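A quick write-up on the structure given underneath.
2 protein chains.
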Amino acid sequence: MPSRPGQAPPGPQPLPGVGSIVAVGSGKGGVGKTTLAVNLAIALARLGHKVGLLDADVYGPNVPLMLGTNGQPKVLSDQRIEPLEAYGLKVISVGFLNPGDKPLIWRGPMLHSIIRQFLGSVEWGSLDYLIVDLPPGTGDVSLSLIQTVPLTGAFVVSTPSDVSLQDGRKAIEMFRQMKVDIVGMVENMSYFVCPHCQHEIDIFSRGGAEKTAKAFGVAFLGSIQLDPDIRKAGDTGKPAVLEGENSPHAKSLFDFARTVVARVDEIKSSASAGVIQIQ
Amino acid sequence: MPSRPGQAPPGPQPLPGVGSIVAVGSGKGGVGKTTLAVNLAIALARLGHKVGLLDADVYGPNVPLMLGTNGQPKVLSDQRIEPLEAYGLKVISVGFLNPGDKPLIWRGPMLHSIIRQFLGSVEWGSLDYLIVDLPPGTGDVSLSLIQTVPLTGAFVVSTPSDVSLQDGRKAIEMFRQMKVDIVGMVENMSYFVCPHCQHEIDIFSRGGAEKTAKAFGVAFLGSIQLDPDIRKAGDTGKPAVLEGENSPHAKSLFDFARTVVARVDEIKSSASAGVIQIQ
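Those protein sequence lines, which keep their order, are chains A and B. Numbering-wise, the first sequence is residues 1 to 279 according to the numbering used here. Numbering-wise, the second sequence is residues 1001 to 1279 according to the numbering used here.
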């Protein structure tokens, strides 16, 4: 985002036309953060909202694969970037700019600059929600994001395993330290139903995220079961929520989306006026 | 590692007394990288080797929890750091220095400095293998590590899901670009056997890592099944390999350890003399 003349070093600046900016964090990777970010964004669009999805996971940008979309975003005449469209979402991902298997071997300052560009130079237009898929951990990208735009809030994805919860607690503490409102915590891969014998099996344990949410005084946003069909839907570029709210694979994802909407409304109505300043 | 007087900016410097340095990378988090690093290190120790384990995953240091060990490493009179001991391993983790739920919200340069300190100031003594658990991704820590010590090699952990493989390919490409020998690729969470009906279920798909290894011309190091007991063992600080090679939960992990030993020997015997210089 360009700084304006005569202004002090820029704090977080609102994105004009964007109602709520919701970040999806996790502490630990591989817990289904991107799967939930993608399904949440599409579910919100299906529920009638205008939604953008920013894939800020610069080292592992899986959003293009999960949306089955690829292509080079257009650069407009004024150097602004036009996001791609997929399933009714406006989407931007470093995966569009750097497709294929070549990694971005970048140190922190490069990350900072691309995140600022994605936020400030992309033509998001008018959005009700901009969902931001953060990389796992508590590093450069999260810092840059928080310092660049005022987040409405962030939620934390964890599996119920102790190692995932350990990192999830760190993510909650990070958002707290950075004065970001916490939308809540969601438990992913919560339990598994054997497709052959219908027994429920707690592969990654169960219930830990709800307990952690309670212990940390944050909202619990629901449990999403470990469902091979949700994973397959992501691997094939057709996220599970596309099946509609009545699909057994999508129901908990739509419930989750409605809970996020309610919590974001709550945060916005209780927020004091003005931009949150980072200490 | 302190630079020596009269020396040019230091390239990778060998760690005196350490035979092989093997990094464990993944591209994507949550694929069981730390679980495999911890079990590999203990299996190597059980096979009679002297082993150190460096937890370089500074934002999500899960090694202390998986080893059930904690404590403040002693600082010796010459400012060198004494690693902790657990199950016959010498271990160092940022989790020992920063226990609890407070996150390290650090930008890249801080990471660089802690990694250099962990490698240069820790009193590793004489080791056959130093196993380094990298954070997921292709960022600062991996760069710092590769620039600080000459890695004997690195292997890449992936689940068989397409999103994990996508990031795993990036990790392979990163190591290649950095001229690090690739020990191989291992498939974790490869398939699941229902404990009730014994059906095999490919929750995260199956076989993709072997195919990827073949396509990229790297060794395939084996498949480890998705086993809730391996996860539980990690969550309770008693890694599965402690049950011994005859345990059904540990057998594939010991097989994997032997394959790593063989591949590392192969790399060492074919390596040209002298330190690999990073371009």
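Each residue gets a CB set at the ideal place from its N, CA and C atoms; glycine is no exception. All of these numbers come straight from a predicted model, not from anything done at the bench.
Along the chain, where does the beta strand (DSSP E) containing residue i start, and where does it finish?
i	result
K90/A	L89 to S93
F1155/B	G1153 to S1158
E245/A	Taken as a continuous stretch (DSSP letters only), E245/A belongs to no beta strand (DSSP E), as it is neither H nor E.
How should residue i be labelled, buried or exposed, when 16 other C-beta atoms within 10 angstroms of its C-beta is the threshold for buried?
i	result
E200/A	exposed
P1016/B	exposed
Q1166/B	buried
R206/A	buried
T236/A	exposed
S161/A	buried
V75/A	exposed
H1112/B	buried
G1095/B	buried
G244/A	exposed
G11/A	exposed
R80/A	exposed
A41/A	buried
K214/A	exposed
N246/A	exposed
G100/A	exposed
K33/A	buried
A1271/B	exposed
K50/A	buried
P248/A	exposed
P1136/B	buried
P2/A	At P2/A, the pLDDT of 47 sits below 50, so the modelled position is not reliable; the number obtained from the coordinates is stated separately. Flag for P2/A reads exposed.
G1088/B	exposed
Q1279/B	Residue confidence for Q1279/B is low, a pLDDT of 46 falling below 50, so the modelled location carries little weight and cannot support an answer.
G1125/B	exposed
K28/A	buried
Terminal residues of the continuous alpha helix (DSSP H) containing residue i?
i	result
A1043/B	K1033 to R1046
S269/A	K251 to S270
E1210/B	G1208 to A1215
L1119/B	G1108 to G1120
Q147/A	D140 to T148
L1165/B	D1162 to Q1177
L1015/B	Counting along the chain, L1015/B falls outside any alpha helix (DSSP H), and DSSP gives it neither H nor E.
P135/A	Note, P135/A: premise wrong, no alpha helix (DSSP H); not H, not E.
P64/A	V63 to L67
If residue i and residue j are in contact, beta carbons under 8 Å, what's the gap, nearest whole angstrom?
i	j	result
S1093/B	V1063/B	5 Å
S1026/B	V1156/B	6 Å
V91/A	L53/A	5 Å
V241/A	F254/A	7 Å
Y1191/B	Q1225/B	6 Å
V1261/B	V1183/B	No, V1261/B and V1183/B are not in contact; Cβ-Cβ is about 10 Å, not under 8 Å.
D133/A	A56/A	6 Å
V1186/B	L1036/B	7 Å
M189/A	T159/A	4 Å
L84/A	G68/A	Between G68/A and L84/A the Cβ distance is about 11 Å, and since that is not below 8 Å, they are no contact.
Counting only Cβ pairs nearer than 8 Å, list the residues of chain B close to residue i.
i	result
Y191/A	By Cβ distance, chain B contributes nothing, its closest Cβ being about 11 Å from Y191/A, past 8 Å.
L226/A	I1203
Name the chain A residues that come within less than 9 Å of residue i, Cβ to Cβ?
i	result
D1133/B	The contacting residues do not exist; D1133/B stays about 12 Å from chain A at best.
V1149/B	The premise fails here: V1149/B is roughly 18 Å from chain A at the closest Cβ pair, so nothing lies under 9 Å.
N1188/B	The premise fails here: N1188/B is roughly 10 Å from chain A at the closest Cβ pair, so nothing lies under 9 Å.
L1065/B	D162, V163 and Q166
H1249/B	Residues of chain A passing the Cβ test: none, with the nearest at roughly 14 Å.
May I ask whether a heavy atom of the ligand HEM can be found less than 7 Å away from the beta carbon of residue i?
i	result
A1250/B	The model on display carries no ligand, and the ligand HEM is accordingly not part of it.
Quick one: which chain B residues come within Cβ less than 9 Å of residue i?
i	result
V31/A	G1029 and G1030
S113/A	The premise fails here: S113/A is roughly 13 Å from chain B at the closest Cβ pair, so nothing lies under 9 Å.
G234/A	S1161, D1162 and V1163
P239/A	Per Cβ cutoff of 9 Å: no residues; P239/A is ~12 Å from chain B at best.
K268/A	Correct list: empty, because the minimum Cβ distance to chain B is about 25 Å.
For residue i, return the contacting residues in chain B, with the cut-off set at a CB-CB distance below 7 Å.
i	result
T138/A	Y1059, P1103, L1104 and I1105
M185/A	Simply none; closest approach about 13 Å.
E173/A	D1101, K1102 and P1103
With which residues is residue i paired in a DSSP beta bridge?
i	result
N188/A	I224/A
E200/A	V193/A
Y1129/B	S1020/B and V1051/B
I81/A	V75/A and V122/A
A219/A	Answer is none; A219/A lacks a bridge partner.
G25/A	V156/A
S205/A	I203/A
A1086/B	L1089/B
I1230/B	DSSP, once it has assigned bridges, lists no residue as partnering I1230/B.
I1105/B	I1105/B pairs with nothing; no bridge assigned.
Could you name the residues of chain A that residue i contacts, counting a contact when the two beta carbons are closer than 8 Å?
i	result
R1206/B	Ordered by position in chain A, no residue passes the 8 Å Cβ test against R1206/B, which lies about 11 Å from the chain.
Which residues in chain A sit within 7 Å of residue i, going by Cβ to Cβ distance?
i	result
K1211/B	Within chain A, no residue comes near K1211/B; the closest Cβ sits about 14 Å away, beyond 7 Å.
P1195/B	I201
R1169/B	D101
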